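In order, the protein sequence lines correspond to chains A and Z.
For the record, in the first sequence the residue sitting at position 206 is 216 according to my numbering, with numbers rising by one throughout.
For the record, in the second sequence the residue sitting at position 99 is 101 according to my numbering, with numbers rising by one throughout.
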Amino acid sequence: MEIAIAAETITHIGPLPLTNTLLLSWIVIILLSVVAFIVSRQIKMIPNRLQNIFELIIEVSYGLTEDIAGFRAKVFFPFIMTFFLFIITGNWLGLLPGFGTIGFWEGSGSKATFVPLLRSIDSDLNTTLALALISAIATHFFAIKYLGLGSYLKRWVSRNPIYMFVGILEIVSEFTKIISLSFRLFGNIFAGEVVLATIAGIFAFVVPLPFYFLEIVVGFVQAAVFMMLTLTFMAMLSEKHSGSE
Amino acid sequence: MDILQSFGVKPILLLAQAVNFFILLVILKKFLYKPVLKVLDERRRKITESLKNADEIEKRLEQIGEDREKKLQEAARDAEEIIREATQTAGVIVAQAHEKAAADAEKIIEKSRQSLELEREKLHQEVRSELADLVVAGLEKVIGKTLTEKYKKETVEKSLHEIG
């Protein structure tokens, strides 16, 4: 069984190639929106079970954001929380039966390739890179918002040769942040898919179960890691910097 | 960029995922974060308020209990005072009544004694005058003639005096 690194294209909508991961992103968005809508419709002071679950998630995350970002929590929070919910929903949905197995054959004869209809959103670098870019752009946007443009630029550019060198390193590190964020998430989830497919290829009954359990944990951990890193980057960059003054 | 190509990265797909993320962000912010955070805040406020209220209620209850205790004690003390006073007054009244009764009795006795005395005196006088008449009559009989008025009187006085 072979798994392509690139997401498979199901069909084309105008200029947009509809890949299986993009399809799943849409499903994730619809699912989360519907749940959010249900929660907001029946929100009460005395919560029901669904509201309780989301209150728990949001309260814990908001507390974390407040601990790290202080007064900026209100602005950072929607980004942080959406990263987490989007990634974890995508990861866990990708573990459901049918993912990677239901699909169709494209081409003919020995050149035919299997195209699964659904694939975990984060096993496509497009998704993770998009998320990492948004994280980076939002981080810098908030830094300018809270520090002002002049103070923001001082971090990267300085006439002092030592700080100039540090500034260059910092600029490089900003790009490595994007790469590490996107490839960490992609690598973990993609590797998980490969492992699951391989194990299922060896013996499909019972044996993959521990790996499924592992992937559930990995799906949560990766979502949490992405969220926490974005949060710390945002908090760090929009903090008053004393080093280069 | 060859690497990105082999990973299947296409600008349009990147853009699509970015747009997806922002759509989700906006929807979740409006329908999930804001209402839930609001309700959490509200609940926290309400709990704080309720706890404060509970404290106040407890304090007030305690105060009410204390007040009641104090009032009860006061009432008991008052009652005791009233009873004591009443007992005292009753004693005084009884004593007064006793005194008055005694005085009345005394007076009545005195009066009756006086009237008795008077009666006796009257009786006495009557008896005496009758006796005098008798004496005079006896003397007249013995002597055989009428006595002069002056002698009569003198003798009677004398004999009556002797009788006592």
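C-beta: ideal position from N, C-alpha, C; glycine also.
Predicted, not measured: the structure shown is a model, and the values here were computed from it.
Check: Is the beta carbon of residue 199 of chain A closer than 9 Å to that of residue 110 of chain A?; Outcome: no
Check: Give the residues of chain Z in contact with residue 87 of chain A, contact being defined as C-beta atoms less than 7 Å apart.; Outcome: 35
Check: Answer with buried or exposed for residue 255 of chain A, where buried requires no fewer than 16 other C-beta atoms within 10 angstroms of its C-beta.; Outcome: Legend: pLDDT at residue 255 of chain A = 40, less than 50; position of this residue unreliable, no value from coordinates given.
Check: Answer yes or no: does any C-beta atom of chain A fall closer than 9 Å to that of residue 67 of chain Z?; Outcome: no
Check: What's the C-alpha gap between residue 122 of chain Z and residue 129 of chain Z?; Outcome: 10 Å
Check: Is there at least one Cβ from chain A nearer than 9 Å to residue 10 of chain Z's Cβ?; Outcome: yes
Check: Cutting at 8 Å between CB atoms, please list the residues of its own chain near residue 222 of chain A, excluding the five before and the five after it.; Outcome: 105, 206
Check: Enumerated in chain order, which unbroken segments of the beta strand (DSSP E) with a length of 3 residues or greater are wholly contained in the stretch 70-119 of chain A?; Outcome: 113-116
Check: Smallest Cα separation from residue 179 of chain A: which of A:170, A:166, A:191?; Outcome: A:166
Check: When DSSP labels each residue in this structure, what does residue 127 of chain A get in the three-state scheme?; Outcome: coil
Check: Is it the case that the Cβ atoms of residue 142 of chain A and residue 245 of chain A are separated by a distance below 9 Å?; Outcome: no
Check: How big is the Cα-Cα spacing for residue 124 of chain A and residue 197 of chain A?; Outcome: 22 Å
Check: Classify residue 183 of chain A: buried if its beta carbon has 16 or more other beta carbons within 10 angstroms, exposed otherwise.; Outcome: exposed
Check: The beta strand (DSSP E) spanning residue 21 of chain A covers which residue range?; Outcome: 19-23
Check: So what does residue 37 of chain Z bridge to, in DSSP terms?; Outcome: Looking at the DSSP assignment, residue 37 of chain Z forms no beta bridge with any residue, so it has no partner.
Check: Residue 45 of chain Z versus chain A: which residues are under 8 Å apart at the beta carbon?; Outcome: 55
Check: Tell me, please, whether the stretch 25-43 of chain Z touches the stretch 35-53 of chain A by the rule of three or more beta-carbon pairs shorter than 8 Å.; Outcome: yes
Check: Please list the terminal residues of the continuous alpha helix (DSSP H) segment that includes residue 29 of chain A.; Outcome: It is not in any alpha helix (DSSP H) - residue 29 of chain A instead sits in the beta strand (DSSP E) that spans 26-29.
Check: Since residue 194 of chain A is in the alpha helix (DSSP H), which residue starts that stretch and which ends it?; Outcome: 171-212
Check: List, in chain order, every chain Z residue whose beta-carbon is nearer than 9 Å to that of residue 210 of chain A.; Outcome: Those within 9 Å of residue 210 of chain A in chain Z number zero; the least Cβ separation is about 23 Å.
Check: Assuming residue 177 of chain A contacts residue 168 of chain A (C-beta within less than 8 Å), just tell me the rounded distance between them.; Outcome: 6 Å
Check: Does the CB of residue 35 of chain A have a neighbour CB from chain Z at under 9 Å?; Outcome: yes
Check: Determine the direct distance from the alpha carbon of residue 156 of chain A to that of residue 59 of chain A, and round the result to whole angstroms.; Outcome: 38 Å
Check: Note down the Cα distance separating residue 170 of chain A from residue 187 of chain A, rounded to an integer number of angstroms.; Outcome: 25 Å
Check: Using only the heavy atoms of the ligand GTP, determine whether one of them is closer than 8 Å to the beta carbon of residue 130 of chain Z.; Outcome: For the structure depicted, the ligand GTP is absent and the ligand set is empty, with no information on it obtainable.
Check: Is residue 203 of chain A closer than 9 Å to residue 145 of chain A when the C-beta atoms are compared?; Outcome: no
Check: So, does the CB of residue 85 of chain Z fall closer than 9 Å to a CB anywhere in chain A?; Outcome: no
Check: Less than 9 Å between the C-beta atoms of residue 10 of chain Z and residue 132 of chain A, yes or no?; Outcome: no
Check: Taking Cβ positions, are residue 68 of chain A and residue 26 of chain Z nearer each other than 9 Å?; Outcome: no
Check: Relative to the C-alpha of residue 136 of chain A, which candidate in Z:48, Z:23, Z:19 has its C-alpha closest?; Outcome: Z:19
Check: Tell me the DSSP secondary structure of residue 150 of chain Z in three-state form.; Outcome: coil
Check: Using DSSP with H/G/I as helix, E/B as strand and the rest coil, what is residue 249 of chain A?; Outcome: coil
Check: State yes or no: is the beta carbon of residue 19 of chain Z nearer than 9 Å to at least one beta carbon in chain A?; Outcome: yes
Check: Can you check whether the C-beta of residue 53 of chain Z is within less than 9 Å of a C-beta belonging to chain A?; Outcome: no
Check: Would residue 281 of chain A and residue 192 of chain A be called neighbours here (beta carbons separated by less than 9 Å)?; Outcome: Not covered by the structure: residue 281 of chain A. The range shown for chain A is 11 to 255.
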